[in-house]
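A short worksheet on the structure shown next.
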Amino acid sequence: MKYPKHTTTIDSREPEEIDFQKGWLTIKRHWKPALGIFGVVFIITGIGVLMKSPSYTAYGKLLFRVDTTPFLIGIKTKDENVSPLVPLTFEGNPLSTEAEILLSEPLIRETISALNLKDEQDNARLETNLKKQFQVKNIAGADVMQISYTSKDPQESASVVNQLMSIYIKNNISANRLQAVAARKFISSQLPTSEADVVRAEMALRKFKELNQVVDLNQEATSTVKVIEDLEKAITQTQAELAEVNNYYQILQNQIQSQIGMSVQDALARSTLSQSAGVQDILKKIQQVQSELAVQQTRLSNDHPSINNLKKQETALKSLLEDRVKAVVMQQPIPKGNFQFGETHQKLLEELVKTQAKNLSLSSRLTSLENAKVRSQRRVSNIPKLEKDQRELQRKLDAAQSTYQLLLQRLQEVRVAENQNIGNARIIESASIPRHASDFTIKIIILGLGGLVGTLLATATIFVLELTDKSIKNIEEARKIFDYTLLGVIPYYGSFEKHSSRHKEIEQTALNVHVRDNSRSFIYELYCMIQANLKFLCSDKALKVIVITSTVPSEGKSTVAANLAAAIAQLGKQVLLVDADMRHPSQHTAWNLINEVGLSNAIVSRDNPRVAVKEVMSNLDVLCSGVIPPNPLALLDSDRMASLISDFSNNYNFVIIDTPPVVLAADALILGEMADGVILVTRPGVVDTDSAHIVKEALHRSGLNILGLVINGVVQKNEPNSYFYYSNRYSEQNSQTCQKTTM
-3 MKYPKHTTTI DSREPEEIDF QKGWLTIKRH WKPALGIFGV VFIITGIGVL MKSPSYTAYG
57 KLLFRVDTTP FLIGIKTKDE NVSPLVPLTF EGNPLSTEAE ILLSEPLIRE TISALNLKDE
117 QDNARLETNL KKQFQVKNIA GADVMQISYT SKDPQESASV VNQLMSIYIK NNISANRLQA
177 VAARKFISSQ LPTSEADVVR AEMALRKFKE LNQVVDLNQE ATSTVKVIED LEKAITQTQA
237 ELAEVNNYYQ ILQNQIQSQI GMSVQDALAR STLSQSAGVQ DILKKIQQVQ SELAVQQTRL
297 SNDHPSINNL KKQETALKSL LEDRVKAVVM QQPIPKGNFQ FGETHQKLLE ELVKTQAKNL
357 SLSSRLTSLE NAKVRSQRRV SNIPKLEKDQ RELQRKLDAA QSTYQLLLQR LQEVRVAENQ
417 NIGNARIIES ASIPRHASDF TIKIIILGLG GLVGTLLATA TIFVLELTDK SIKNIEEARK
477 IFDYTLLGVI PYYGSFEKHS SRHKEIEQTA LNVHVRDNSR SFIYELYCMI QANLKFLCSD
537 KALKVIVITS TVPSEGKSTV AANLAAAIAQ LGKQVLLVDA DMRHPSQHTA WNLINEVGLS
597 NAIVSRDNPR VAVKEVMSNL DVLCSGVIPP NPLALLDSDR MASLISDFSN NYNFVIIDTP
657 PVVLAADALI LGEMADGVIL VTRPGVVDTD SAHIVKEALH RSGLNILGLV INGVVQKNEP
717 NSYFYYSNRY SEQNSQTCQK TTM
């Protein structure tokens, strides 16, 4: 009979272990090989340290300082912060640069030559080895450099340090003098060019000022703004006067038109004619001729020659008058009528002419003021550009002058430095012969490094062993892989506890019915817990026939079957334990029975199976496997076997069937179909994950009713949680708890 996969869990899942717990458990599993690796590495390191010859280190110190001679002679001021030790980059350290010079090959080679140091094999290797033995250290917070040299000969270590420092001081003085000479030559060659740059900059600035009529642009800008303000005031005043004159002129025009009865233009033209002497002379002559003509016409007839002569004179004079009028009034229309005004009209016209003249004067003045304002505004707007150009030219001049002055100053400095015979470094502490070996600390460091390497290799060993170990290691891994209901956890009680009984010491062996021998032990309590979990798991249906199997051999499924049967029997239930593992039967050894007649005989002979059943303790009968058949699966997968299980179920409260591991045989799957459920037994450290997945897949495909999982042989030290910490004490005080549980 098939059942759907059982997914109900009785206990809640514990939180996953944090990483350091897993790491600690891993270390506990593989600490022995890891400790061996660590010990080997550390011992080898110790032997190497002991075999190392003692070495001696001598120390000397150099002080680097700023050359104070330029300050003393007044060439530089201290505010200029001048120092010969100036790095080329922001990250550079001048003392580090000097350290590289100190350990350069020429100085090392000269030191070897001065001390007559020799290498029997290779002088080049001597230079390399000598350089490696030097250490240069910059003293923090000071311009001091410490030089050390390590050698097996204490006398040699001190001599090498002192000789190298002396050679460096001599080389430093020589280098400074050569630098000063080179600097003087360079500065001398640059002075003419710099002086020419100053002259060109001065000439450019002078031409700019002459071309733009610049004296002081700042003062000019201020004065021009003041001029613009004055011009604006004058323009406003002139505009007011012009408006007043225009108004008065309009009034005079209206008076002339109303009093004289003609336009202003005609009145002005007539006034001009009235003041012309030529025109007035002709008018007088015309009047004389006309008067004489009038007199003669009273005495003579119109055809008289005198009359005609007078008329001709009148005509000629009028023609002459017209010509003279045209000459006076130019292109203006010739006014008609009398060319003479009265005194009043003449004064009115004179006032009009004066007003017109004043109008023209004010208009001309206004135009001049506005033009002056425009010129001033244009000049003001051009001042920023002029200032910019002037500043640029001034900057070029200042830069050229500054460069020229700096070159002159540097020329004086390098001339002084060229004549000096000192450097920027001196020896403040000569090396003394060391009295004690200096490699003790190094040996300690080497031992520490050996310990570190040993630790790393030990860690790598643990890691590799853990990767290669495919077994299920603890309860949590078993639960995650199988994902079945956890019915119970059985510890490895061979080392878990010892009890005084009829046996001096009870240990978990291949088949040890611990429950039969110790009904008050904690192991008994655990099997009672399995029985209770089975009861709660199937409270709605009777659970009578149970198949117990495992993944692989040696997981203790037969031990679990025997102890579970004994625990249930001690609760007063009639229990039959059937050994169906016909390939490797073991129940008869646990109960001290002879395996001559058993299950195989009952299936084949069809005799009453009660003949093969043996009572081993109160309420518990055992049916051994019997004679091992050539094909156990054929016997188990038979109607006779199904009939036997049905009879056993009717005669007993519980039937527990011990079957082979699922990986080795299909017996458990066949019998699982005939039973009410299957219990899977697994043991951490025995079953591997691949086999576990195979068995889980096989059980899933079979559709059997998997009651749950019993984890057997749990070793407490491999578990992250203290599953059995209080187990002994509690079991002694509560030995009767399991007996109160009823099915």
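The sequence shown lines up with residues -3 to 739 when you count with our numbering.
C-beta: ideal position from N, C-alpha, C; glycine also.
(request) With DSSP as the reference, label Ser144 as helix, strand or coil. (result) Against the sequence shown, residue 144 aligns to sequence position 148. Strand, per DSSP.
(message) Once DSSP output is grouped into helix, strand and coil, what is the label at Val485?
(response) Residue numbering aside, residue 485 sits at position 489 when the sequence shown is read from its first letter. Note: Val485 maps to strand in three-state DSSP.
(request) Between the Cα of Ser621 and those of Asn514, Met613, Asp385, Ala576, spot the shortest distance and give me the residue it belongs to. (result) Counted from its first residue, the sequence shown places residue 621 at position 625. Here the closest residue by C-alpha is Ala576.
(message) Mapping the DSSP letters down to three states, classify Asp465 as helix, strand or coil.
(response) For the purposes of this step, residue 465 is taken as the residue at position 469 of the sequence shown. Asp465: coil per DSSP, three-state reduction.
(request) Per DSSP, which residues does Gln131 bridge with? Please list them. (result) Mapped onto the sequence shown, residue 131 falls at position 135. Bridge partners of Gln131: Ser144.
(request) Can you give me the start and stop residues for the beta strand (DSSP E) that Glu198 sits inside? (result) Here residue 198 corresponds to residue number 202 of the sequence shown, with the count starting at 1. Note, Glu198: premise wrong, no beta strand (DSSP E); alpha helix (DSSP H) at 150 to 207.
(request) Can you tell me which of Leu389, Val291, Ile104, Ile278 puts its alpha carbon nearest to the alpha carbon of Val194? (result) Taking the sequence shown and counting its residues from 1, the one referred to as residue 194 is at position 198. Among Leu389, Val291, Ile104, Ile278, the Cα nearest to that of Val194 is on Leu389.
(request) Quick one: grab the DSSP three-state call for Thr22. (result) Counting from 1 along the sequence shown, the entry for residue 22 is found at position 26. Three-state DSSP puts Thr22 in a helix.
(request) Have a look at Val156, Leu573, Val677 and flag the residue whose alpha-carbon is nearest the alpha-carbon of Val548. (result) Mapped onto the sequence shown, residue 548 falls at position 552. Ranking Val156, Leu573, Val677 by Cα distance to Val548 puts Val677 first.
(request) Leaving aside the five residues before and after Thr234 along the sequence, list all residues of the same chain whose C-beta is less than 7 Å from its C-beta, in chain order. (result) Taking the first residue of the sequence shown as position 1, residue 234 is located at position 238. Once the five neighbours on either side are set aside, the close Cβ partners of Thr234 are Leu358, Arg361, Leu362, Leu365.
(message) Going by beta-carbon coordinates alone, are Ala562 and Val511 separated by less than 8 Å?
(response) As a position in the sequence shown, residue 562 is number 566, starting the count at 1. As a position in the sequence shown, residue 511 is number 515, starting the count at 1. Judged by beta-carbon spacing, Val511 lies within the 8 Å limit of Ala562, meaning their Cβ atoms are closer than that value.
(message) Quick check on Asp672: does DSSP put it in helix, strand or coil?
(response) Locating residue 672 in the sequence shown gives position 676, where the first residue counts as 1. Here Asp672 sits in coil by DSSP.
(request) Report the residue ranges of all alpha helix (DSSP H) runs contained in full by the segment 535 to 615; include only those spanning at least 4 residues, in chain order. (result) The qualifying runs are 553 to 565, 583 to 586, 595 to 601.
(message) Less than 8 Å between the beta carbons of Leu703 and Leu530, yes or no?
(response) Start at 1 with the first residue of the sequence shown, and residue 703 comes out as number 707. Start at 1 with the first residue of the sequence shown, and residue 530 comes out as number 534. Yes, the Cβ-Cβ distance between Leu703 and Leu530 is below 8 Å.
(message) Could you tell me the alpha carbon to alpha carbon distance between Val710 and Gln570, rounded to whole angstroms?
(response) Looking up residue 710 in the sequence shown gives position 714. Looking up residue 570 in the sequence shown gives position 574. Answer to the nearest angstrom: the Cα atoms are 29 Å apart.
(request) Count the other C-beta atoms from every protein chain shown that fall within 10 angstroms of the C-beta of Lys229, then say buried if there are 16 or more, exposed otherwise. (result) Counted from its first residue, the sequence shown places residue 229 at position 233. By the 10 Å Cβ count, Lys229 comes out exposed.
(request) Check Thr41 in the structure and name its three-state DSSP category. (result) As a working mapping, residue 41 is identified with position 45 in the sequence shown. Helix.
(request) Just tell me which of Arg606, Thr437, Asp617 has its CA closest to the CA of Ala557. (result) As a position in the sequence shown, residue 557 is number 561, starting the count at 1. Restricting attention to Arg606, Thr437, Asp617, the CA atom closest to the CA of Ala557 is found in Asp617.
(request) Would you mind giving the Cβ-Cβ distance between Ile160 and Val132, rounded to the nearest angstrom? I have them listed as a contact below 8 Å. (result) Position 164 of the sequence shown holds residue 160. Position 136 of the sequence shown holds residue 132. Sequence inspection shows Leu at residue 160; the Ile mentioned does not correspond to that position. Not confirmed; about 10 Å, so no contact.
(request) Give the C-beta separation of Ala688 and Ile477 to the nearest angstrom, bearing in mind that I take them to be a contact with Cβ-Cβ under 8 Å. (result) Working through the sequence shown from its first residue, we reach residue 688 at position 692. Working through the sequence shown from its first residue, we reach residue 477 at position 481. The pair is a contact, with the Cβ atoms about 5 Å apart (cut-off 8 Å).
(message) Do Phe34 and Ala454 count as a contact pair if the criterion is CB distance below 8 Å?
(response) Numbered from its first residue, the sequence shown carries residue 454 at position 458. Numbered from its first residue, the sequence shown carries residue 34 at position 38. Cβ atoms of Ala454 and Phe34: closer than 8 Å.
(request) Check Val511 in the structure and name its three-state DSSP category. (result) Position 515 of the sequence shown holds residue 511. Here Val511 sits in helix by DSSP.
(message) In this structure, how does DSSP classify Arg636 when only helix, strand and coil are distinguished?
(response) Position 640 of the sequence shown, counted from the start, is the residue given in the question as residue 636. Of the three classes helix, strand and coil, the one that applies to Arg636 here is helix, per DSSP.
(message) On the DSSP letters alone, give me the boundaries of the beta strand (DSSP E) that Ile652 sits inside.
(response) In the sequence shown, counting from the first residue as 1, residue 652 sits at position 656. First-last of the beta strand (DSSP E) with Ile652: 650 to 654.
(message) With distance defined between alpha-carbon atoms, name the residue in Asp686, Gln583, Thr685 nearest to Ser652.
(response) To locate residue 652, count along the sequence shown from 1; it is residue 656. Reading the sequence as shown, one finds Ile at residue 652 and not Ser. A check of alpha carbon separations from Ile652 across Asp686, Gln583, Thr685 identifies Gln583 as the nearest.
(request) Could you tell me the boundaries of the beta strand (DSSP E) in which Lys57 lies? (result) The residue you call residue 57 lines up with position 61 of the sequence shown. Its beta strand (DSSP E) spans residues 52 to 60.
(message) Our contact map puts Gly42 next to Leu443 with C-beta atoms below 8 Å; I'd like the distance itself, whole angstroms only.
(response) Numbered from its first residue, the sequence shown carries residue 42 at position 46. Numbered from its first residue, the sequence shown carries residue 443 at position 447. Rounded, the Cβ-Cβ distance is 7 Å, consistent with contact.
(request) Over the uninterrupted alpha helix (DSSP H) stretch that includes Ala688, give me the two end residues. (result) Along the sequence shown, one-based indexing puts residue 688 at 692. Unbroken alpha helix (DSSP H) run through Ala688: 685 to 698.
(request) Assign Ser315 to one of two classes, buried (16 or more other C-beta atoms within 10 Å of its C-beta) or exposed (fewer than that). (result) As a first step, residue 315 must be located in the sequence shown, where it is residue number 319. Exposed: under 16 other Cβ atoms inside 10 Å.
(message) Under 7 Å: does the beta carbon of Ile542 sit that close to some heavy atom of the ligand FMN?
(response) The ligand FMN is not part of the structure shown, which contains no ligands of any sort.
(request) Kindly indicate the opening and closing residues of the beta strand (DSSP E) around Asn708. (result) Against the sequence shown, residue 708 aligns to sequence position 712. 702 to 710 is the span of the beta strand (DSSP E), which, as asked, contains Asn708.
(message) Whether or not the segment 539 to 553 and the segment 642 to 660 are in contact is what I'm after, with contact meaning three or more pairs of Cβ atoms, one per stretch, closer than 8 Å; do they touch?
(response) yes
(message) Pull the bridge partners of Ile423 from the DSSP assignment, please.
(response) Taking the sequence shown and counting its residues from 1, one reaches residue 423 at position 427. Bridge partners of Ile423: Leu58.
(request) Could you tell me whether the segment 398 to 417 touches the segment 173 to 188, where touching means 3 or more Cβ pairs closer than 8 Å? (result) yes
(message) With distance defined between alpha-carbon atoms, name the residue in Ile379, Val607, Asn420, Leu629 nearest to Val221.
(response) Taking the first residue of the sequence shown as position 1, residue 221 is located at position 225. Ranking the options by Cα distance to Val221, first place goes to Ile379.
(message) Tell me the DSSP secondary structure of Gln504 in three-state form.
(response) As a position in the sequence shown, residue 504 is number 508, starting the count at 1. The predicted position of Gln504 is uncertain, since its pLDDT is 39 and thus under 50; no value can be drawn from it.
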